[in-house]
Every structure is written in C-alpha cells, then in structure tokens.
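K.L.:
With the UniProt record's numbering, the residue at position 213 of the sequence shown is 213, and numbering never jumps. Dropping the structure in here first, questions after.
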Amino acid sequence: MYSLSVCQEEREARRLELRDASRALRVQQQLQKLKNGVFRFQEQLMDVKPSPDVIEKLRETMSDIENSINAFKDTQHQRYDELLKDERSVWQEICAFERKMDSWCVPVRADGGPPRSEKPCDWRSLPAEVTALQTFLQQTGGRDGGWDEFDHRSFLKVWTKHRGKPSYRHEARLYLPGKTEEEVKRHEDWFLELRRLQEDKREAICKWRACKQRERELQREQRDADEEPQEDEEQEEQRREASERLEVWRRRRTQQRDEERQQRLRDQILQTRRAKEERRRQLELKLLVEAHLQQKKEQEELRVLEEEAQEQAERQERQRQAAEGIRRFQERDSRRLEEKLQEKQSKEQEQSERQRTLDKLKDKVEVHISRDPSRLWRLTKVWQERTKEIGPSGASRRVLSDHRVCVCVLHRAVPAWRQDS
C-alpha cells in the first residue's frame, strides 16, 4: 500500500513537472515569436522610403505586434488567476490538515477498554495561542469575520492580488459594492489579526511537537538504556540498512546532480550556439542590408548618369535639329529672296520692254492736227451720204439749203493732262 501511494505520488509529481515544462516551453515560444516580430519590424525600419503604402504596412505590423503582446498578457493574467485559485484551494487543504493534526493532540486510551463518553474539551489544558485563536473566531463571527463567504473570498482575492498593499482598497470597492471603506478597513484589521493568531498557533503547535518529540526521545533513550544488550544487533542491522539506504540515496543524488550539471552544461552550450547563430544571422542580415543599400546606391548613381547622358544626347539632338532647321530656313529665305529678286528684275525688264514698245507705238501713231473750230458744225460724211440717199422734203429741204445746220455735240470736259496731247 505504501509503495502504491509512493508510485502515485511520483507519477503525479512527474505529471506536474511535464505540465510546468510544457507551459514554460509555450511561454518561451510566445516570447520568441514576439521577439521575432519586433526584429522584423526593426528590419523594415532600416531601409524605408516615406510613402502612404509603407506607412500603412508599418502600422499594420505594429498593430499585429501590439495584439500579440496584449494576448500574451491576457494569457498570463488568466494563468495568474488560476494560480490564485489553486493557492486558495491549497490553503484550505492546509487549514483542514491543521485542524486534523490538532485533533491528533487529543489523548487516546492505550488499552482496549470501552470508549469513554465524550467530554467537553478542557481549554485550560491547551496552549494559550490555540485558545486565543478559538476565542477570537467565536467573538468575531467565525473564519469569515462575520461576512458572507463570497464577500470574504472576493476580499481575499483582491488582498492577495495586491499583496496587502493599500492600493487594493480601490479595487475592493468594485468587488464589494455593498461594503463601505470603513467596513473593508475593519475586515482588513480582523484578517491581519487572524493571520497573526494563526501564525502564533502554528508556532505553538511546532513547539508542542518539538517538546513531545524530545519527551519521546528521552523515553526511547530510557527504554534503550533499560533494554538488554541482545537488541544491539538488531539496532546495528537497522543502522546498517539505514546507512546502505543513505548510501544508495547519496549515490542516486550524486548521479542526479551530475545529470543536472551535464544538462545545464548542454543547455549553456546550446544557448551559446544559439547566441552565436543569432549573432551570425544578424551579421549576415546586416551585410545583406548594406550590400543591398550599396547596390541600390550604385543603381541610383547609374540611373542618374544615364539620365544625364540621355538629357545631354537629347540636348545635342535638339541643337542639331535646331541648327538644321535654321539652315533650312536660311536656305529657304535665300532662295525666296533670290526668287523675289529675279521676279523683280523680270518685272523691271518687262516694264522697260513695255515702255520701249509703248514709246515705239507712240512714235508711230502720234498725229499733229491743227485746230479747226469750224469743223464742229461741218456736215459729216455720213450725214451727207444720208441726205443724198433720202433727200429732204419741202421746207426741210429749203431750210437745209438756205440755212446751215448747227450741230451741237455734248461731251465731257477734257482733263488737263490730256489737253496737250
């Protein structure tokens, strides 16, 4: 039965160790993930150009890192609350064990006679610390101090969370809306007094146990002194077995320490390797970033040179085209000027030729006629011929024969510039 309980305890201890190790591993993984996220964010900040897209991407990365940190903090708070609950449950179990151990202090009859009737406990035979605690609990309303069990647990939760600091009172009002600050202060004084009395009780019990242990040792020494010498062999055998067990335990402990030391050494070596690998990776990353920056700088310089060369070529081409255009325009202007000069010369030649022709014609057709005013009323040939053919009748003929006909022809005035021609 004892070996079975020991095996169960070992399995439970191993299970708890595995659980703690897995939780520690998860915490390390989460911290490493947060660390990697921060490193990536730092790498993004090393070479960045201010633009809306880059700023939005950096803002998203910061938001992801902040959410991861908040989630990690929430997980740790939940774990802390669970540990507080476990601590309260363990505290209750310890109190129960203490009460059970206190009950062992009641003397039991050694003989197998009929049980005696239960009698009220004589408080005068108990230590003063035990009676003081019991009296205090009876006078102040039990282990909850006269409060409701739920309110007392809420008070313990807040008081444990703040470790008894005065800052817990502000949060206690949130958990205890029906309690005033003065009531909380009185309950705190009661709780501190209870803890002091419990501590005094534990010390008194420890002293009582030590006293009982000394009494038992004295009795055992007296009994050993009174026993016969034949029991020495049995005691020697027991001491030998105890020494063998102690030696086995020492060897096992030494082996365990050696294994732990080797494990720590392996962990240190692994941690050193990881640190070297991390430094090497950071150095490679730094070199890559520097090479990338240098390449980018060279590309930028090459691009600037190419742009300058292209601009120079474009300027030269524009200058050449402008010179070619000026040359064409000059040739066109000179050609047009020559054409105009030739046209002017041809016109002048034509004009001079026309003038010569006119002069020649003028010389040919020019007639010098003397003025004869009487020709104005002289009969024309046409009129004479007509009179011959038709002939005048009666008085008309007589008038024509007796009188001269005065013919008046209306004409416009001759210009002054034609009067001499």
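Ideal Cβ placement from N, Cα and C applies to all residues, glycine included. In this text, all values refer to a predicted model and were calculated from it rather than measured experimentally.
(1) Am I right that GLU171 and VAL184 are in contact with their C-beta atoms under 8 Å? What's the rounded C-beta distance?
(2) State whether the stretch 142-154 contacts the stretch 183-198, with contact taken as three or more CB pairs (one from each stretch) at a distance under 8 Å.
(3) LEU58 and GLN44 - do their beta-carbons sit closer together than 8 Å?
(4) With burial defined as no fewer than 16 other Cβ atoms inside 10 Å of the residue's Cβ, what is the status of HIS292: buried or exposed?
(5) Rounded to the nearest angstrom, what separates ARG332 and GLU298 at their Cα positions?
(6) Looking at PHE136 and LEU192, is the spacing between their C-beta atoms short of 8 Å?
(7) Sort ARG196, ALA71, GLU260 and PRO177 by Cα distance to VAL130 and report the nearest one.
(8) Could you name the residues of the same chain whose beta carbon sits closer than 7 Å to that of GLN342, not counting the 5 residues immediately before and after it, in chain order?
(9) Could you compute how far the alpha carbon of GLU203 sits from the alpha carbon of SER63?
(10) Can TYR168 and LYS179 be called in contact, C-beta distance under 8 Å?
(11) Measure the C-alpha to C-alpha separation of GLU234 and ARG220 and round it to an integer number of angstroms.
(12) Determine the contact status of ILE65 and VAL38, defining contact as a CB-CB distance below 8 Å.
(13) Measure the C-alpha to C-alpha separation of ALA101 and GLY142 and round it to an integer number of angstroms.
(14) Any idea if PHE155 is buried or exposed, counting beta-carbon neighbours within 10 angstroms, 16 or more meaning buried?
(15) Can you tell me which of the three DSSP states ALA413 falls into?
(16) Suppose the cutoff is 7 Å on Cβ atoms and the five residues either side in sequence are ignored; what does the same chain contact list for LYS381 look like?
(17) Would you identify the three-state DSSP class for TRP383, choosing helix, strand or coil?
(18) Is the beta carbon of GLN139 closer than 8 Å to that of PHE72?
(19) Can you tell me whether DSSP reads GLY145 as helix, strand or coil?
(20) Is ARG240 helix, strand or coil when you go by DSSP?
(21) Are GLN33 and SER68 close, meaning C-beta to C-beta below 8 Å?
(22) For the candidate residues ASP189, LYS165, ASP151 and HIS187, whose alpha-carbon lies nearest to that of LEU174?
(23) Does the distance from the C-beta atom of LYS212 to that of LEU133 stay below 8 Å?
(24) Report buried or exposed for ARG176, applying the criterion of at least 16 other Cβ atoms within 10 angstroms of its Cβ.
(25) Closer than 8 Å by C-beta to LEU84: which residues in its own chain qualify, once you throw out the five before and the five after it? Chain order, please.
(26) Taking the Cβ atom as the reference point for each residue, do MET46 and VAL304 lie within a distance shorter than 8 Å?
(27) What separation, rounded to the nearest whole angstrom, lies between the Cα atoms of SER51 and GLN42?
(28) Look at the alpha carbon of LEU302 and the alpha carbon of ALA322, and state the distance between them as a whole number of angstroms.
(29) With a threshold of 6 Å on Cβ separation, who are the neighbours of GLU314 within its own chain once the five nearest residues in sequence on each side are excluded?
(30) At the level of alpha carbons, what is the spacing between GLN351 and ALA416?
(31) Near GLU87, what residues of its chain come up, given a Cβ to Cβ distance below 8 Å and the 5 sequence neighbours on each side ignored?
(32) Where does THR357 sit, in a helix, a strand or coil, going by DSSP?
(33) Tell me whether LYS179 sits in a helix, a strand or coil according to DSSP, three-state version.
P.N.:
Quick answer:
(1) The C-beta separation of GLU171 from VAL184 comes to about 11 Å, leaving the pair out of contact by the 8 Å criterion.
(2) yes
(3) Yes, the pair counts as a contact, with Cβ atoms nearer than the cut-off.
(4) exposed
(5) 50 Å
(6) no
(7) ARG196
(8) none
(9) If you draw a straight line from the Cα of GLU203 to the Cα of SER63, it is about 54 Å long.
(10) no
(11) Looking at the two C-alpha atoms, the distance is approximately 15 Å.
(12) yes
(13) Ala is not the amino acid found at residue 101; the sequence shown has Met there. About 20 Å.
(14) buried
(15) Coil, per DSSP.
(16) none
(17) helix
(18) no
(19) coil
(20) In the structure shown, the three-state DSSP call for ARG240 is helix.
(21) Correcting the residue type first, residue 33 is Lys in the shown sequence and not Gln. With respect to SER68, LYS33 sits close: the two C-beta atoms are nearer than 8 Å.
(22) ASP151
(23) no
(24) Position check: residue 176 holds Leu in this sequence, whereas Arg was assumed. Looking at its Cβ environment, which holds 16 or more other Cβ atoms inside 10 Å, LEU176 is buried.
(25) LYS157, THR160 and LYS161
(26) No, Cβ-Cβ distance for MET46 and VAL304 is not below 8 Å.
(27) Taking the straight line joining both Cα atoms gives about 17 Å.
(28) Between the alpha carbons of LEU302 and ALA322 lies a distance of about 29 Å.
(29) none
(30) 26 Å
(31) When the five nearest sequence neighbours on each side are left out, the beta carbons in the same chain lying within less than 8 Å of the beta carbon of GLU87 are those of THR160, in order along the chain.
(32) helix
(33) coil
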